[in-house]
Amino acid sequence: MADLDTVQWSQLPKDILTMMIAKGLNTRLDNLRLRSVCSSWRSSVPPFKKTPPLPLTLPFPIAPNPALNRKRRGHFSLTESTIYLVEPPRKNPKSNTSKSKTSSGWLLRVEEAENGKMHPLNPLSKIMTEHVLKTFPKSLNLLNFRITEIGKAYSLKFVDLSKKIETSFGELKSILVKKVVISSNPWTSDADNYAVMAIHGGKLGFIKVGGKKWSAIDDPKQSHYDDVVYHKGHFYAVDHRGRVVVIDSDLKTKEIARPTPGFGCGQFKYLVKACGDLFLIDKYMDAEQDVSDDEFIDDYIFEEVNPDVPVHLKAFKLNEEEGKWEWVETLGDWVFFVGDDCSYSVSARGFSGLKGDRIYFSDDTFTRENEQDRYLGEFCVDTSIYILEDPSCGPLASFPDHSQIFWSCPAWLKTKPRASKK
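Below you can see the structure in the form of structure tokens.
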């Protein structure tokens, strides 16, 4: 009966396979899994195509800059990287697993170059980590591991076409782009429906795929923005005070949440999407910083501060109906990852090596401690962990039970799986 069922699946009509199954796959990973079922499916399902096709050439600069050299020529290259959680295959439920230690998963971020080659990146930054390839297997069979796509990140890289022109400090504002996000529409493959939003020098720039020029976002308050995300079909941006705006079709900002209640002013803020909601992670270094007279301060903020912790993080959840941020005491099973150019979340339930109510973030406060760790080496020296329930904070090296997902290459991935007995 098993052989008969296999034959029936392999003989599934091509039109049904393409229309009902293949079109519902939005990731390269799902496409590869479907095409690996059998030769018939591989020939029926076309390879995954990115929409819009990346890398993508975009105009430079985003906005006028008097400091730019008049002879400066070049363009931006929009690239995409994908974050995966790679886990060893689950053990046989009939086996005695109570005495065996479960291997932790591995967080892997890769960027696909134009030639099809994959380049590993730091999971929380744009930094290349080519040394990972020294211990990484030459080939990886996706069927031998549990691989889950966690999120995507985008970046704008300046391609300089000028002839031997040194870059001045004033030009960096135009060349270096802090954060980039793109819109997405899973119901169409029309690249014209995609748009790009970028933060450069604290300001917002917008361009449609195929456009010839960037457009500035009309913001009467001239805010300095820290982060931007694409959420529920709209671009959401947060400024350095916690004020949140939505950018409408006329490229104007509409305030939907007032600043956070008198805390974290002047420090960096991250937007994180989790379980359909939008969260704000507020990072600050000084609990006793000055607060303006017109700002309201909740007592709980100061009661929860641990003076022995050099870096503090607070989590807030957006209440869009009431137009405010609501303080969150715990993230429950959720784990947040916040970095320089990307932020993402995952539920710890069902993933080995992850514990809920943790925030992994990028910061150079504990670089020296991480550099001395023999497992981390140079891979994630700027990554730290914050636990909301304590609260406590420290380098990855101080939390070995939580840092294994960041190791350069786990031992179980280097070991070739045993051949299955027929």
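Numbering (full-length UniProt numbering), first residue to last: 1 to 422.
Just so it is clear, CB atoms sit at the ideal spot from N, CA and C, and this is done for glycine as well.
Being a predicted model, the structure only gives us computed values, none of them experimental.
By Cβ distance below 7 Å, which residues in the same chain neighbour residue i in space, the five residues on each side in sequence not counted?
i, result
"Lys14", "Ser44"
"Gly323", "Ile256, Ala257 and Arg258"
"Pro220", "none"
"Arg73", "Leu161 and Ser162"
"Leu251", "Phe206, Ser215, Ile217 and Asp218"
"Lys71", "Ser162 and Ile165"
"Thr330", "Asp357, Leu388 and Glu389"
"Asp248", "Lys254"
"Glu326", "Phe316, Lys317 and Asn319"
Determine the burial state of residue i: buried for a count of at least 16 other Cβ atoms within 10 Å of its Cβ, exposed for fewer.
i, result
"Ile62", "buried"
"Leu143", "exposed"
"Pro395", "buried"
"His224", "exposed"
"Ala411", "exposed"
"Lys314", "buried"
"Ser174", "buried"
"Gly242", "buried"
"Ser384", "buried"
"Leu176", "exposed"
"Asp401", "exposed"
"Gln222", "exposed"
"Ala397", "buried"
"Ala153", "buried"
"Ile16", "exposed"
With C-beta atoms as the reference, is residue i less than 8 Å away from residue j?
i, j, result
"Ile387", "Ile281", "no"
"Glu320", "Ala257", "yes"
"Ile199", "Lys179", "yes"
"Arg146", "Glu87", "yes"
"Val245", "Lys232", "no"
"Gly356", "Val328", "no"
"Gly332", "Gly105", "no"
"Thr57", "Ser81", "no"
"residue 466", "Leu85", "Lying outside 1 to 422, the shown extent of the chain, residue 466 is not represented and no answer is given."
"His75", "Pro55", "no"
"Glu111", "Thr148", "no"
"Phe351", "Ser343", "no"
Using C-beta distances below 6 Å, list every residue in its chain close to residue i, excluding the 5 sequence neighbours before and after it, in chain order.
i, result
"Ser392", "none"
"Met197", "Val181, Phe206, Val228 and Phe235"
"Arg109", "Ser81, Ile83, Leu121 and Pro123"
"Ala67", "Gly170 and Glu171"
"Ala274", "Trp334 and Ser345"
"Lys203", "none"
"Gln404", "Ser104 and Gly353"
For residue i, which residues of its own chain have a beta-carbon under 8 Å away from its beta-carbon, when the five flanking residues on both sides are left out?
i, result
"Asp277", "Lys317 and Leu318"
"Ser125", "Gly339, Asp340, Asp341, Ser362 and Asp382"
"Asn69", "Ser162, Ile165, Ser168 and Glu171"
"Phe399", "Ile385"
"Met118", "Val110, Glu111 and Glu112"
CB of residue i to nearest heavy atom of the ligand GDP: below 7 Å?
i, result
"Asp160", "With respect to the ligand GDP, the structure shown offers nothing to examine, as it has no ligands at all."
Inset, instruction - Could you tell me whether the region 208 to 215 touches the region 55 to 70, using the rule of 3 or more Cβ pairs below 8 Å? - result: yes
Inset, instruction - State whether the region 151 to 162 contacts the region 347 to 359, with contact taken as three or more CB pairs (one from each stretch) at a distance under 8 Å. - result: no
Inset, instruction - Taking 8 Å as the threshold, find out whether the region 233 to 253 comes into contact with the region 266 to 274 through three or more Cβ pairs. - result: These segments touch.
Inset, instruction - Could you name each continuous beta strand (DSSP E) segment of 3 residues or more that falls completely within the region 20 to 79, going from the start of the chain to the end? - result: 56 to 58
Inset, instruction - Identify every run of the beta strand (DSSP E) within the region 233 to 286, keeping only runs that are complete inside it and at least 3 residues long; order them along the chain. - result: 234 to 239, 244 to 247, 253 to 257, 269 to 274 and 277 to 284
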